[in-house]
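Position one of the sequence shown corresponds to residue 8 (my numbering), numbered consecutively onward.
Just so you know, even glycine gets a beta-carbon here, dropped at the ideal spot from N, CA and C.
Because the structure is a prediction, the values reported are computed rather than measured.
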Amino acid sequence: MSPDDSRDPAHRDNGHEAAGAAAFVPETEDLEALRAAAADCQGCELFRDATQTVFGRGAPRARLALVGEQPGDVEDERGAPFVGPAGRLLVQAIDEAGIDRDQIWVTNAVKHFRFTVRGTRRIHQTPDAVHIAACKPWLSAELRSVAPDVVVCLGATATRALLGTTVRVMRDRGVVLERDTSLGTKRFLVTVHPSAILRTPDADRPSAYAALVSDLRVAAAALQLLG
Ligand code: SF4
Numbered sequence: 008m009s010p011d012d013s014r015d016p017a018h019r020d021n022g023h024e025a026a027g028a029a030a031f032v033p034e035t036e037d038l039e040a041l042r043a044a045a046a047d048c049q050g051c052e053l054f055r056d057a058t059q060t061v062f063g064r065g066a067p068r069a070r071l072a073l074v075g076e077q078p079g080d081v082e083d084e085r086g087a088p089f090v091g092p093a094g095r096l097l098v099q100a101i102d103e104a105g106i107d108r109d110q111i112w113v114t115n116a117v118k119h120f121r122f123t124v125r126g127t128r129r130i131h132q133t134p135d136a137v138h139i140a141a142c143k144p145w146l147s148a149e150l151r152s153v154a155p156d157v158v159v160c161l162g163a164t165a166t167r168a169l170l171g172t173t174v175r176v177m178r179d180r181g182v183v184l185e186r187d188t189s190l191g192t193k194r195f196l197v198t199v200h201p202s203a204i205l206r207t208p209d210a211d212r213p214s215a216y217a218a219l220v221s222d223l224r225v226a227a228a229a230l231q232l233l234g
């Protein structure tokens, strides 16, 4: 590791087992108690360089939960998920899908920002399987507490965290998948992460966005059917 690399979390602990968040998760379904405890989590190395833990937010009894990958640069600074550019796109898509944005829970599979430093910029790094596994106890605890009727996995990391590696986003998107889990819900739907739409070339972005809205409408319809 060069001296400069010491600032770069991507160069630390690669390939090592993380102890995981389980020891930090209190036995409670109180979301504010979970949020407070998560602020002190050291279940993997990502806490060292990120600004803060970014716990979920929204309606405590939401019928729909949306799970992303990890906080981005803006979310890390502000301490709330989906408040940056991808979050704004997601809110727009939620509105177009006819979902009440005040009746959802939004969170991430990994609660700390993983990044690499390039000059003065912090560049997003996809979390590894070890980070997803380490952080899973927080995601499980908040989903058990909220107990949504449907969980939307936004992108591959959330899909992997909740449904394993056999579900593929592009192959299996836009349909309700029923799974027996201990997470307080049996219904999942996978779709792309809104940041993927922001990265889509201009010519293809409208159709990519329309596909996201279409997937979210399937989730909205599932909620309506459930009553
Ligand atoms: S990423 Fe998750 S497991 Fe790792 S320190 Fe942060 S809250 Fe804990």
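Task: Whole-angstrom distance between A163 and L230, CA atom to CA atom - done: Taking the first residue of the sequence shown as position 1, residue 230 is located at position 223. Taking the first residue of the sequence shown as position 1, residue 163 is located at position 156. Between L230 and A163, the C-alpha separation is close to 23 Å.
- [ ] Return the CA-CA distance between D20 and Q49, expressed in angstroms with no decimal places.
- [x] One-based indexing of the sequence shown puts residue 20 at position 13. One-based indexing of the sequence shown puts residue 49 at position 42. Caution is warranted here: a pLDDT of 44 is assigned to D20, below 50, making its placement in the model unreliable, and the coordinate value is therefore given only provisionally. Taking the straight line joining both Cα atoms gives about 13 Å.
- [ ] At 3 residues or longer, and completely inside the stretch 100 to 131: list those beta strand (DSSP E) runs for me, N to C.
- [x] 111 to 115, 122 to 125 and 128 to 131
TODO: Determine the extent of the alpha helix (DSSP H) in which R194 is found, giving its start and end residues.
DONE: Counting from 1 along the sequence shown, the entry for residue 194 is found at position 187. That residue, R194, is in no alpha helix (DSSP H); its beta strand (DSSP E) goes R194 to T198.
Open item on the list: At a threshold of 7 Å, does Q49 count as lining ligand 1 (C-beta to nearest heavy atom)?
Closed with: Residue numbering aside, residue 49 sits at position 42 when the sequence shown is read from its first letter. Yes; taking the cut-off as 7 Å, the Cβ of Q49 has a heavy atom of ligand 1 nearer than that.
TODO: Under 7 Å Cβ to Cβ from P144, same chain only, skipping five residues before and after it: list those, please.
DONE: Position 137 of the sequence shown, counted from the first residue, corresponds to residue 144. These residues qualify, in order along the chain: G27, A28, A29 and V32.
TODO: Return yes when at least one heavy atom of ligand 1 lies under 7 Å from the C-beta of C160, else no.
DONE: Reading the sequence shown from its first residue, position 153 is the one you call residue 160. In terms of side-chain proximity, the C-beta atom of C160 is found no nearer than 7 Å to any non-hydrogen atom of ligand 1.
Open item on the list: Quick check on A72: does DSSP put it in helix, strand or coil?
Closed with: Within the sequence shown, the letter at position 65 stands for residue 72. Three-state result, A72: strand.
- [ ] Specify, as a first and last residue, the run of the beta strand (DSSP E) that L146 falls within.
- [x] Translated into positions along the sequence shown, residue 146 becomes position 139. Segment A136 to V153 is the alpha helix (DSSP H) holding L146; no beta strand (DSSP E) there.
TODO: For A87, collect the residues of the same chain with a Cβ closer than 6 Å to its Cβ; drop the 5 residues on either side in sequence, then sort them by chain order.
DONE: For this step, residue 87 is matched to residue 80 along the sequence shown. So the list reads R64, once near-sequence residues are dropped.
- [ ] Specify the secondary structure class of A25 as computed by DSSP and reduced to three states.
- [x] The residue given as residue 25 occupies position 18 in the sequence shown. The answer is coil: DSSP assigns A25 none of H, G, I, E or B.
Open item on the list: For ligand 1, I want to know if V137 counts as a neighbour, meaning its beta carbon is within less than 7 Å of at least one of the ligand's heavy atoms.
Closed with: Counting from 1 along the sequence shown, the entry for residue 137 is found at position 130. No; taking the cut-off as 7 Å, the Cβ of V137 has no heavy atom of ligand 1 nearer than that.
TODO: Would you decide whether A217 is buried or exposed? Buried here means 16 or more other CB atoms lie within 10 Å of its CB.
DONE: By 1-based counting over the sequence shown, the position of residue 217 is 210. The residue is exposed, with fewer than 16 neighbouring Cβ atoms inside 10 Å.
Open item on the list: Is any non-hydrogen atom of ligand 1 found closer than 7 Å to the C-beta of T58, if you look at the structure I gave you?
Closed with: What you label residue 58 is simply residue 51 of the sequence shown in a count that begins at 1. No, the Cβ of T58 stays beyond 7 Å of every heavy atom of ligand 1.
- [ ] Look at the alpha carbon of T133 and the alpha carbon of I139, and state the distance between them as a whole number of angstroms.
- [x] By one-based count along the sequence shown, residue 133 stands at place 126. By one-based count along the sequence shown, residue 139 stands at place 132. Between T133 and I139, the C-alpha separation is close to 10 Å.
- [ ] Consult DSSP for E82 and reduce its assignment to one of helix, strand or coil.
- [x] Residue mapping note: residue 82 aligns to position 75 of the sequence shown, counting from 1. Three-state DSSP puts E82 in a helix.
Open item on the list: So, with DSSP's three-state summary, where would you put G239?
Closed with: Nothing can be reported for residue 239, as the shown portion of the chain is limited to 8 through 234.
- [ ] Measure the alpha-carbon distance for G94 versus V117 and round it to whole angstroms.
- [x] Start at 1 with the first residue of the sequence shown, and residue 94 comes out as number 87. Start at 1 with the first residue of the sequence shown, and residue 117 comes out as number 110. Distance between the alpha carbons of G94 and V117: 16 Å.
Open item on the list: To the nearest angstrom, how far is the alpha carbon of V81 from that of H131?
Closed with: For the purposes of this step, residue 81 is taken as residue 74 along the sequence shown, with counting starting at 1. For the purposes of this step, residue 131 is taken as residue 124 along the sequence shown, with counting starting at 1. For V81 and H131, the distance between alpha carbons rounds to 11 Å.
Task: Proximity below 8 Å, CB of A104 to CB of R194 - done: Here residue 104 is taken as the residue at index 97 of the sequence shown, counted from 1. Here residue 194 is taken as the residue at index 187 of the sequence shown, counted from 1. Contact: no.
Task: Simplified DSSP assignment, three categories, for E185 - done: By one-based count along the sequence shown, residue 185 stands at place 178. Of the three classes helix, strand and coil, the one that applies to E185 here is strand, per DSSP.
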